[in-house]
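Each remark here refers to the structure printed beneath this line.
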Amino acid sequence: MGSKTPATTEQKQVQTSAPPAWMENVFKRGGRDAYQMYDTGIGGNVYGGPRIAPLSDQTRYGISGLGSIPHHYQNRSLMNTIYNPTSAAMNLRHMASGGMVGQNPSFNAALQNSLDRVRDTINSSFAGAGRYGSGAHAGVLANELGALSTSAMADQYNRDADRMMQANSLIDQANQNQLGASNNFLQGYGNAYSNAIQGGGVLDAHNQRVVDANRERWLEQDNSGWNRLNMLMNAGHGFARNYGTTTNNNTASMVQGNNPWKNVGAIGSLALQAAPMAFGYMAGGPMGAALAGGVSNAFLDYMNQKKAL
């Protein structure tokens with residue numbers, strides 16, 4: 001007995017969401033405007049203006065000045081100031097070199113006067129005693145004059161040596177002061193240029209803010225169309241959010257064919273689960289026991305075989 005191939009059962013469920021009718025034109029216009037702006041190249045362009053502000057004239061001046069400071073060490077006038085002897089060195093160099101030690105004419109004259117007075121005193125004393133010209137007279141005269149001269153010369157030498165050391169110290173201090181003045185001169189230059197750079201930094205920061213503001217304004221203008229469209233779409237979504245419509249469409253095809261047992265298989269196992277014992281009774285034998293355990297495909301094959309016989 002022949003049979004026709006049954007059609008496959010299909011079930012489809014389609015759920016659609018749509019904005020309310022009074023907002024459809026807003027979204028349609030948004031899509032149309034978006035395509036138009038994209039096709040015409042509105043927005044998303046590359047900014048061709050400056051992105052970094054140039055250094056201000058004051059900053060350039062300060063940097064140039066700092067760079068010139070090392071060249072001052074080759075400045076002949078400045079180097080002459082450093083290396084030429086100071087006035088103190090020129091005035092004290094003879095004393096500092098020891099040229100004045102023992103060369104004080106005033107001291108020599110004063111010493112000679114003292115020696116003459118001592119000699120006169122000793123001569124007068126020995127003459128009064130009637131021993132002038134004696135050996136004792138000569139011995140006392142030599143001892144006293146020698147002691148006076150040695151003591152005075154030693155004291156004066158110490159004074160001259162002390163003054164020589166003082167002269168050297170004064171020259172060294174003058175040289176140090178001269179070198180320090182030159183260093184302060186260069187530091188003053190450096191500080192002045194550094195201050196100029198700091199002031200120029202304020203101008204540079206302002207100039208950079210101007211450049212950034214110009215670029216930001218350009219971007220706003222370049223994307224103004226998209227920004228306005230975005231505001232329109234956001235407003236549309238906000239208004240239509242609580243007014244949208246949802247539609248559910250369920251479609252199912254009819255089961256065709258002349259095999260009722262195949263139709264039973266298309267319906268699924270719900271019927272078998274509802275009454276397994278009843279179908280098992282109808283099938284009978286071991287196949288009915290298998291069907292009662294939930295083997296629906298085996299049951300259908302068995303029934304098809306019996307129908308074919």
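Quick note on full-length UniProt numbering: the sequence shown kicks off at 1 and runs consecutively. For every residue, glycine included, the Cβ atom is placed at its ideal position computed from N, Cα and C.
Test item: CB-CB of residue i and residue j under 9 Å
i: residue 66; j: residue 72; result: no
i: residue 63; j: residue 197; result: yes
i: residue 102; j: residue 187; result: no
i: residue 136; j: residue 126; result: yes
i: residue 57; j: residue 200; result: yes
i: residue 172; j: residue 53; result: no
i: residue 232; j: residue 26; result: yes
i: residue 194; j: residue 82; result: no
i: residue 238; j: residue 33; result: no
i: residue 76; j: residue 85; result: no
i: residue 107; j: residue 152; result: yes
Helix, strand or coil at residue i [DSSP, three-state]
i: residue 34; result: helix
i: residue 129; result: coil
i: residue 87; result: helix
i: residue 18; result: strand
i: residue 13; result: strand
i: residue 319; result: The chain is shown only over 1 to 309; residue 319 falls outside these bounds and no answer can be derived.
i: residue 26; result: helix
i: residue 42; result: coil
i: residue 100; result: coil
i: residue 47; result: coil
i: residue 241; result: coil
i: residue 177; result: helix
i: residue 310; result: Limits of the chain in this structure are 1 at one end and 309 at the other, which puts residue 310 out of reach.
i: residue 134; result: coil
i: residue 234; result: helix
i: residue 223; result: coil
i: residue 183; result: helix
i: residue 75; result: coil
Rounded Cβ spacing between residue i and residue j (contact assumed at less than 8 Å)
i: residue 213; j: residue 19; result: That belief does not hold up - the Cβ atoms of residue 213 and residue 19 are roughly 40 Å apart, past 8 Å.
i: residue 177; j: residue 89; result: Actually they do not touch by this definition, with Cβ atoms about 11 Å apart.
i: residue 316; j: residue 145; result: Residue numbering for the chain in the displayed model covers 1 to 309; residue 316 lies beyond these limits and cannot be assessed.
i: residue 30; j: residue 229; result: 6 Å
i: residue 104; j: residue 162; result: Contact flag wrong, Cβ pair sits at about 13 Å.
Selection from the options that minimises the alpha carbon distance to residue i
i: residue 50; options: 163, 198, 211 and 193; result: 211
i: residue 222; options: 31, 42 and 13; result: 42
i: residue 48; options: 171, 163, 92 and 217; result: 217
i: residue 118; options: 84, 28, 133 and 140; result: 140
i: residue 202; options: 28, 34, 17 and 59; result: 59
i: residue 189; options: 61, 40 and 132; result: 61
i: residue 207; options: 13, 154, 55 and 133; result: 55
i: residue 215; options: 149, 46 and 150; result: 46
Beta carbon proximity, residue i to chain B, threshold 9 Å
i: residue 56; result: Among the chains in the structure shown there is no chain B, since it carries only a single protein chain.
task: Determine contact between the region 90 to 101 and the region 155 to 175, defined as no fewer than three beta-carbon pairs at a distance below 8 Å.
output: yes
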